[in-house]
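Enquirer: Sequential numbering from 2 applies to the sequence shown in the numbering used here.
Below are the structure tokens for one structure; questions will follow.
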Amino acid sequence: MKKLYAAFLLLTISSSSIAQSFSTSNLPIIIINTIADSIDDEPKIMVEMGIIENAIGLNNVNDPLNHFEGYCGIEFRGHSSQSFDKKNYSLELWNQLGEDSAVSLLGMGKEEDWILHASHMDRTFMRNPLFYRIWREMGHWASNVRYVELIIDGDYRGVYHLMEKIKRDDDRLDIAKLDSNDNAGDSLTGGYIIRMDWPGGQGWYSSYNAMAGTPLFFQYYYPKEEKITTQQGNYIAGYIEEFEEALFSSNYTNSQGKRYQEYIDITTFADLFIVNELSRSVDGYKASSFIHKDKDSKGGLLKAGPIWDFDLSSGNAEYCDGTATSGWTYLQTAFECDDLDLMPMWWDAFMADTIFTNHLRCRWESHRLNMLHSDTLSDYIALMVDSVDDGQTRNFQRWNILNTPLWAEPSLPGTYAGEVQMLEDWFTARITWLDANIPGDCSNDFITIEEKEKLRILVYPNPVSTTLFVDLATPKFGQIAIYNLCGAQVYAKDFDGTVQLNMAFLSPGVYLIEIISEGISHQEKLIIR
Numbered sequence: 002m003k004k005l006y007a008a009f010l011l012l013t014i015s016s017s018s019i020a021q022s023f024s025t026s027n028l029p030i031i032i033i034n035t036i037a038d039s040i041d042d043e044p045k046i047m048v049e050m051g052i053i054e055n056a057i058g059l060n061n062v063n064d065p066l067n068h069f070e071g072y073c074g075i076e077f078r079g080h081s082s083q084s085f086d087k088k089n090y091s092l093e094l095w096n097q098l099g100e101d102s103a104v105s106l107l108g109m110g111k112e113e114d115w116i117l118h119a120s121h122m123d124r125t126f127m128r129n130p131l132f133y134r135i136w137r138e139m140g141h142w143a144s145n146v147r148y149v150e151l152i153i154d155g156d157y158r159g160v161y162h163l164m165e166k167i168k169r170d171d172d173r174l175d176i177a178k179l180d181s182n183d184n185a186g187d188s189l190t191g192g193y194i195i196r197m198d199w200p201g202g203q204g205w206y207s208s209y210n211a212m213a214g215t216p217l218f219f220q221y222y223y224p225k226e227e228k229i230t231t232q233q234g235n236y237i238a239g240y241i242e243e244f245e246e247a248l249f250s251s252n253y254t255n256s257q258g259k260r261y262q263e264y265i266d267i268t269t270f271a272d273l274f275i276v277n278e279l280s281r282s283v284d285g286y287k288a289s290s291f292i293h294k295d296k297d298s299k300g301g302l303l304k305a306g307p308i309w310d311f312d313l314s315s316g317n318a319e320y321c322d323g324t325a326t327s328g329w330t331y332l333q334t335a336f337e338c339d340d341l342d343l344m345p346m347w348w349d350a351f352m353a354d355t356i357f358t359n360h361l362r363c364r365w366e367s368h369r370l371n372m373l374h375s376d377t378l379s380d381y382i383a384l385m386v387d388s389v390d391d392g393q394t395r396n397f398q399r400w401n402i403l404n405t406p407l408w409a410e411p412s413l414p415g416t417y418a419g420e421v422q423m424l425e426d427w428f429t430a431r432i433t434w435l436d437a438n439i440p441g442d443c444s445n446d447f448i449t450i451e452e453k454e455k456l457r458i459l460v461y462p463n464p465v466s467t468t469l470f471v472d473l474a475t476p477k478f479g480q481i482a483i484y485n486l487c488g489a490q491v492y493a494k495d496f497d498g499t500v501q502l503n504m505a506f507l508s509p510g511v512y513l514i515e516i517i518s519e520g521i522s523h524q525e526k527l528i529i530r
């Protein structure tokens with residue numbers, strides 16, 4: 002890899018004036034040097050890669066490659082986005098022999114598969130990181146993201162997201178591993194990741210139609226189509242078939258006498274509804290949508306997510322009602338929504354059931370006190386602006402698109418600050434509409450009561466002055482967070498079983514404590530004396 006560092010120094014001498022003007026960044030710098038071949042859609046080619054991230058001060062392009070130095074396979078990724086000059090890339094970390102090499106990058110979990118996302122359509126660079134953070138704070142796994150600046154062969158390529166690819170892994174979506182011999186008993190029941198997207202690859206068609214009136218297609222994601230066994234494919238298809246039979250029946254009960262909520266984790270579906278409606282993504286519920294299922298011995302219910310791809314959301318698409326701050330995304334009423342063969346009819350059925358809507362309303366009200374509080378969202382956005390503000394100037398010098406439409410965007414404000422303000426204004430209007438229109442009665446939400454009973458959490462003493470105990474009936478892993486009345490997080494801690502917390506650092510007042518374990522969120526008022 003010394004060759005990479007030396008090659009980069011030589012290339013910067015003769016590269017464009019843009020590359021010459023780029024010397025320091027507050028963001029990590031990724032340097033890629035192609036060895037022989039040029040990067041293309043597929044297959045991946047081997048390249049040398051290094052990352053500069055100094056613990057103190059700015060990162061300089063002439064600094065040593067102090068965070069990562071090695072090889073990777075690289076190719077373009079995406080569909081329509083491949084037509085843009087600023088490309089998205091798939092990375093697979095390799096050793097010198099071209100074998101997978103799992104490495105932790107920029108504080109994220111150890112893995113070999115990564116993505117460099119250009120965020121070319123999202124001129125704020127915020128939509129994906131923001132919604133992934135919201136989803137994680139709701140208690141679910143989402144891709145971690147780090148802002149970086151990218152150089153390929155001495156050419157400055159702009160601000161990118163280095164992000165985790167959706168994978169089954171202990172450090173990513175932590176569900177059971179399925180091998181080819183897991184074909185019976187509990188081992189057959191998980192884990193599975195199923196994708197709903199544009200047709201491609203292997204899977205199966207539902208017995209029930211999508212919104213366009215044609216059967217919905219489910220695509221194998223994990224295990225991969227070339228690895229899933231017949232027994233595994235039959236099992237997950239049969240499980241979803243039973244769920245859909247119950248959901249679409251007049252009394253929400255299938256021929257086996259089971260209601261649909263016996264098959265799914267309703268909380269994850271309610272949270273997905275909230276994210277898709279808040280974002281007003283034109284791809285919401287359809288393209289790049291995922292569901293997953295763990296083993297029965299680990300809960301075994303079908304869960305919504307992980308979430309993915311929010312570039313064309315939050316007022317950033319001038320079609321399929323993408324700029325409207327009122328109305329429902331799941332109804333897909335706009336004439337130009339022409340991908341309705343991908344749109345499941347689950348959400349119409351959910352929204353007709355008071356069990357779902359009561360829980361939905363409860364989740365919304367809870368989240369509005371926390372990660373969806375208006376002040377919290379503003380703080381998130383301010384933090385991202387602070388991170389990317391210097392880099393965005395260089396990015397838009399390299400890619401002069403602040404006033405140049407790329408594809409189906411609304412009117413462009415013409416400045417980075419204008420893009421950010423437009424996003425904030427859009428959120429304010431959208432949240433106002435959702436506050437007034439999300440249906441349900443939280444006082445009749447027995448799902449939340451059942452979930453709290455499953456956790457059997459005791460928080461004591463409350464009120465508290467110094468030492469607070471959080472006790473779960475059985476040892477479980479999870480997270481504790483405490484929020485002030487503005488929705489800002491003032492404390493966070495992972496736990497395993499009973500925890501003892503020193504609250505002396507908090508000023509007297511009223512707070513909200515949230516305990517998340519096994520995808521279930523328990524919240525209650527906490528009084529500090």
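Backbone N, C-alpha and C define an ideal beta-carbon position, used for all residues, glycine too.
Taking the DSSP output, what are the residues bridged to residue 470?
Expert: Residue pairing by DSSP places residue 470 opposite 461, 501 in a beta bridge.
Enquirer: Going by CA-CA distance only, name the one from 188, 428, 430, 54 that's closest to residue 298.
Expert: 188
Enquirer: Taking the beta carbon of residue 203 as the centre, do at least 16 other beta carbons fall within 10 Å, making it buried, or is it exposed?
Expert: exposed
Enquirer: Using alpha carbons as the reference points, say which of 525, 507, 174 lies closest to residue 471.
Expert: Ranked by how close their Cα comes to the Cα of residue 471, the residues 525, 507, 174 have 525 in first place.
Enquirer: Is residue 36 buried or exposed, if buried means 16 or more other CB atoms sit within 10 Å of its CB?
Expert: exposed
Enquirer: I need the DSSP call for residue 523, collapsed to helix, strand or coil.
Expert: strand
Enquirer: Tell me which residue opens and which closes the alpha helix (DSSP H) that residue 188 is part of.
Expert: 186-189
Enquirer: Identify which residue in 148, 122, 261 has its Cα closest to the Cα of residue 408.
Expert: Between residue 408 and the set 148, 122, 261, the nearest pair of CA atoms involves 122.
Enquirer: What does the alpha-carbon distance come out to for the pair residue 518 and residue 478?
Expert: 6 Å
Enquirer: For residue 271, which residues in the same chain have their Cβ closer than 6 Å to its Cβ, ignoring the five residues on either side in sequence?
Expert: 360, 361, 364
Enquirer: Does the stretch 90-105 come within contact of the stretch 129-149, defined as at least 3 CB pairs closer than 8 Å?
Expert: The answer is no - the stretch 129-149 does not touch the stretch 90-105, with fewer than three Cβ pairs under 8 Å.
Enquirer: What does the Cβ neighbour count give for residue 200, buried or exposed, with the cut at 16 atoms within 10 Å?
Expert: exposed
Enquirer: Ignore the nearest five residues each way along the sequence and tell me which others in residue 134's own chain have a CB closer than 7 Å to its CB.
Expert: 381
Enquirer: Measure the Cβ-Cβ separation of residue 304 and residue 192 and say whether it is below 8 Å.
Expert: no
Enquirer: Decide if residue 22 is buried, meaning its Cβ has at least 16 other Cβ atoms within 10 Å, or exposed.
Expert: exposed
Enquirer: So within the stretch 343-409, which uninterrupted alpha helix (DSSP H) runs reach at least 4 residues, ignoring any that extend past its ends?
Expert: Complete alpha helix (DSSP H) runs here, min 4: 347-352, 355-369, 375-399.
Enquirer: Helix, strand or coil: which one does DSSP assign to residue 199?
Expert: Note: residue 199 maps to coil in three-state DSSP.
Enquirer: Does the beta-carbon distance from residue 244 to residue 261 come in below 8 Å?
Expert: Cβ atoms of residue 244 and residue 261: closer than 8 Å.
Enquirer: Would you kindly work out how many angstroms separate the C-alpha atoms of residue 185 and residue 349, rounded to a whole number?
Expert: 34 Å
Enquirer: Distance, Cα to Cα, residue 413 vs residue 441?
Expert: 37 Å
Enquirer: Please identify the residue among 233, 337, 147 whose C-alpha is closest to the C-alpha of residue 320.
Expert: With distances taken between Cα atoms, residue 320 lies closest to 337.
Enquirer: Just checking my contact of residue 166 with residue 116 at CB under 8 Å: how many whole Å lie between their CB atoms?
Expert: 5 Å
Enquirer: DSSP three-state call for residue 320: helix, strand or coil?
Expert: coil
Enquirer: Rank 312, 75, 173 by C-alpha distance to the C-alpha of residue 119 and give the top, closest one.
Expert: Taking only the C-alpha atoms, the option nearest residue 119 is 312.
Enquirer: Tell me which residue opens and which closes the beta strand (DSSP E) that residue 231 is part of.
Expert: That residue, residue 231, is in no beta strand (DSSP E); its alpha helix (DSSP H) goes 231-248.
Enquirer: State buried or exposed for residue 493, treating a residue as buried only when at least 16 other CB atoms are found within 10 Å of its CB.
Expert: exposed
Enquirer: Just confirm the distance between the C-beta atoms of residue 212 and residue 333, as a whole number of angstroms; I'd bet it's less than 8 Å.
Expert: 6 Å
Enquirer: Using 8 Å as the threshold, is the C-beta distance between residue 113 and residue 138 below it?
Expert: no
Enquirer: Evaluate residue 459 with the Cβ neighbour count: other Cβ atoms within 10 Å of its Cβ, from every protein chain shown; 16 or more gives buried, anything less gives exposed.
Expert: exposed
Enquirer: Given this structure, state the Cα-to-Cα distance separating residue 72 from residue 210, to the nearest angstrom.
Expert: Rounded to the nearest angstrom, the two C-alpha atoms are 46 Å apart.
Enquirer: Suppose you measure from the CA of residue 430 to the CA of residue 326; what does that come to, to the nearest Å?
Expert: 6 Å
Enquirer: Quick one: residues in its chain with C-beta nearer than 7 Å to the C-beta of residue 439, no 5 flanking neighbours on either side, listed in chain order?
Expert: Residues of the same chain with a CB within less than 7 Å of the CB of residue 439, apart from the 5 flanking positions on each side, are 361, 362, 365 in chain order.
Enquirer: Between residue 177 and residue 168, what straight-line distance do the alpha-carbon atoms span, to the nearest angstrom?
Expert: 12 Å
Enquirer: Using alpha carbons as the reference points, say which of 181, 491, 499 lies closest to residue 529.
Expert: Looking at the Cα atoms, 491 is the closest of the given residues.
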